[in-house]
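Residue numbers (the working numbering): 1268 to 1443. Quick reminder that beta carbons are idealized off the backbone N, C-alpha and C, glycines included. Take a look at the structure set out below.
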């Protein structure tokens, strides 16, 4: 594992001190790709606090994504890798799915770029946008959405279309 720099430590501290994180019990968080904010320490904290952790399981032949329960942080290394070189539970593996067992309180989201209005530039497949629309249909209360970003990913404006769903907050090292 790469060494954790001061920016990553600051971000982890921002997350665990955040009021939305503190009050959330059912949390979805992405398993990081190389160019994304490292989430390993946040995942460990979710388990230390006795919260329930869900991670994405993408269906690559479509834009469908489920959030499925992670048993422990140690389990991540044994999960199969996708064509994107990220770990995720296998498609045929039976796991608790968040939307069918009570929904989510908080969703941490990755992205390529963000603006301060909450717009997010993803990787073009619409996985998170589609999942957030499903949340609206299956949950009484909308989960709080928080993007984790490097300050270099913050732009004046990112391209959006009618299918894009804004995030509630973008957290980066210079977040006011």
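Return helix, strand or coil for residue i, following the three-state DSSP convention.
i	result
residue 1307	helix
residue 1434	coil
residue 1426	coil
residue 1414	strand
residue 1313	helix
residue 1352	coil
residue 1397	helix
residue 1299	coil
residue 1387	strand
residue 1325	strand
residue 1279	helix
residue 1532	Look at the range of the chain in this structure, 1268 to 1443, and you will see that residue 1532 is not part of it.
Could you check the C-alpha separation between residue i and residue j for me, to the nearest Å?
i	j	result
residue 1320	residue 1386	25 angstroms
residue 1425	residue 1304	19 angstroms
residue 1418	residue 1441	7 angstroms
residue 1299	residue 1336	16 angstroms
residue 1308	residue 1355	17 angstroms
residue 1423	residue 1381	8 angstroms
residue 1362	residue 1368	11 angstroms
residue 1271	residue 1388	The pLDDT assigned to residue 1271 is 49, lower than 50, so where the model puts this residue is not dependable; a value taken from the coordinates is nonetheless given after this. Between residue 1271 and residue 1388, the C-alpha separation is close to 25 angstroms.
residue 1351	residue 1284	31 angstroms
residue 1334	residue 1327	14 angstroms
residue 1340	residue 1428	36 angstroms
residue 1402	residue 1435	14 angstroms
residue 1390	residue 1378	7 angstroms
residue 1373	residue 1410	5 angstroms
residue 1346	residue 1430	31 angstroms
residue 1405	residue 1279	30 angstroms
Relative to the alpha-carbon of residue i, which residue among the options has its alpha-carbon at the smallest distance?
i	options	result
residue 1343	1421, 1332, 1314, 1330	1314
residue 1395	1427, 1348, 1294, 1323	1323
residue 1294	1301, 1338, 1328	1338
residue 1383	1390, 1402, 1392, 1416	1416
residue 1407	1430, 1392, 1366, 1278	1366
residue 1291	1329, 1402, 1435, 1316	1316
residue 1392	1310, 1329, 1289	1329
My assumption, with CB atoms under 8 angstroms, is that residue i sits in contact with residue j. Please give the rounded CB distance.
i	j	result
residue 1376	residue 1287	With a Cβ gap of about 13 angstroms, residue 1376 and residue 1287 do not count as contacting.
residue 1421	residue 1432	About 18 angstroms separates the two Cβ atoms, so there is no contact after all.
residue 1325	residue 1349	7 angstroms
Confirm the yes/no value for this check: CB of residue i, any heavy atom of the ligand COA, distance under 8 angstroms.
i	result
residue 1282	With respect to small molecules bound, the structure shown includes none, and the ligand COA cannot be examined in it.
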